[in-house]
Amino acid sequence: MNATQTIAARLPVLLILLAGVGVPACGDGSDTGGESTLDRVKRTGVVRVGFANEAPYAYLDSATGELTGEAPEIAQVILKKIGVEKIEPVLTEFGSLIPGLKSKQFDVIAAGMYITPKRARQIDFSNPTYGIGEAFIVKRGNPLGLHSYEDIKAHQAARLGVVTGTIEYEYARKVGIPPDQVHKFPDATSALAGVQAGRVDAYAGTALTVQTLLNKLSGNDVERAEPFTDPVIDGRSVRGYGAFGFRKGDDAFRQIFNQHLAQFIGTEKHSALVEPFGFTEAELPGSMTAQQLSKPNE
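Numbers 157 to 454, taken from my numbering, label the letters of the sequence shown in order.
Written out as structure tokens, the structure reads:
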């Protein structure tokens, strides 16, 4: 395998659903007793990472039961440079990632989460590790001819499936799709099942999420909507940029993480690490920063 093997004594994934994990919550980015998150993870060599089981960004390898994906693999490289040798993965639903981080049930979100101004009001982000567009999964033959969010809006009988807490729900809202045409699912797998069962007519996800799901299917009852047009928000075609999430106040941790990240993204080692998950040079984030992406749209 790749960088996953570099972490000593990998632990089985902790299937913690964010309930009953007794970690005190402090608003200043420090742990009880005044120790910062960065100081603690460097002292213990252990960091708790929140993820939502969405391939190819962060998910459990079905063969090994270990955490892998674009975000965890990059995180392990960067954290090792900081002096952290062990990751304790914490599984939750996507919509619970930010609440879980804020309540200190884990230390970092490693789930390929898009940077948005709304999310940036609650947590801080590293600089992005990738940029990507959208896609739909539809029934074979695309019977309703759905090739964009605008098509869902124009077709009053069409029902769109999204994962709770994801940017796709925001896209649907901003495009003007009526709420009763949007159905929320806890994860991408259940949204796909919703299309297969006819509960929704399309599932909206990132292009890589959609392709990864389709690559794993043995049947041919669904397909990717081709061609597809990304939604136009505030006059601009959208592109999502994924990053790591940090608590407000954990500035030292985020800054040193960003320093090592800047030296890694775009290198040959980075390309080799993320290529198995479908990432190419086309998904590099370029010069985009978290600060730019966190600003409210004017």
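Note that the Cβ used here is the ideal one computed from N, Cα and C, for glycine as well.
Can you tell which of GLU229, ALA291, ARG395, ALA381 has the C-alpha that lies nearest to the C-alpha of GLY361?
ALA291
Return the Cβ separation of VAL205 and ILE243 in integer angstroms, given the expectation that the two are a contact with Cβ distance under 8 Å.
5 Å
Among VAL331, PHE400, PRO273, ASN371, which residue has its Cα nearest to the Cα of ARG392?
VAL331
Three-state secondary structure (DSSP) at VAL351?
helix
Residue ranges of each alpha helix (DSSP H) within the segment 319-391, 4 or longer
323-331, 344-353, 363-372
Report yes or no: do three or more beta-carbon pairs, one from the segment 265-277 and one from the segment 395-404, lie closer than 8 Å?
yes
Note down, in chain order, each residue of its chain lying with its Cβ closer than 7 Å to the Cβ of VAL294, except the 5 sequence neighbours on either side.
LEU302, VAL351, ASP357, ALA358, VAL378, GLU379, ALA381
Can you tell me whether LEU417 is buried or exposed, with buried defined as 16 or more other CB within 10 angstroms of its CB?
buried
GLU244, enclosing beta strand (DSSP E) - first and last residue
242-247
Neighbourhood of SER427 by C-beta, 6 Å cutoff - its chain only, sequence neighbours within 5 removed
none
Should GLY251 and THR320 be called a contact, given that it needs their Cβ atoms to be closer than 9 Å?
yes
Within a Cβ cutoff of 7 Å, which residues of the same chain sit near THR385, ignoring the five residues on either side of it in sequence?
HIS303, SER304
Are at least three pairs of beta-carbons, each pair with one atom in the segment 252-259 and one in the segment 200-217, less than 8 Å apart?
yes
The alpha helix (DSSP H) spanning GLU210 covers which residue range?
Taken as a continuous stretch (DSSP letters only), GLU210 belongs to no alpha helix (DSSP H), as it is neither H nor E.
Segment limits, beta strand (DSSP E) that includes GLY401
396-402
Using the three-state DSSP reduction, which class does LEU223 fall into: helix, strand or coil?
strand
Own chain residues within Cβ distance below 6 Å of ASN298, not counting five before or after:
ALA381
Return the residue from the list ASN283, VAL202, PRO228 that minimises the CA-CA distance to LEU440.
ASN283
Which first and last residues belong to the alpha helix (DSSP H) in which ARG412 is found?
In the sequence under discussion, the amino acid at residue 412 is Ile, which differs from the Arg named in the question. Start and end: 407-420.
Would you mind sorting ARG315 into buried or exposed? The rule is 16 or more other CB atoms within 10 Å of its CB.
buried
For GLY256, the three-state DSSP class (helix, strand or coil)
helix
Give the straight-line distance between the Cα atoms of VAL430 and GLN337, rounded to the nearest whole angstrom.
35 Å
Rounded C-alpha distance that separates VAL241 from GLY405
A quick correction: the sequence has Glu, not Val, at residue 241. So the alpha carbons of these two residues sit roughly 23 Å apart.
For SER374, I'd like the list of residues in its chain whose CB is within less than 6 Å of its CB, leaving aside the five on either flank, ordered along the chain.
none
Can PHE402 and ILE230 be called in contact, C-beta distance under 9 Å?
no
Provide the residue(s) that pair with MET269 in DSSP beta bridges, ordered along the chain.
ALA399
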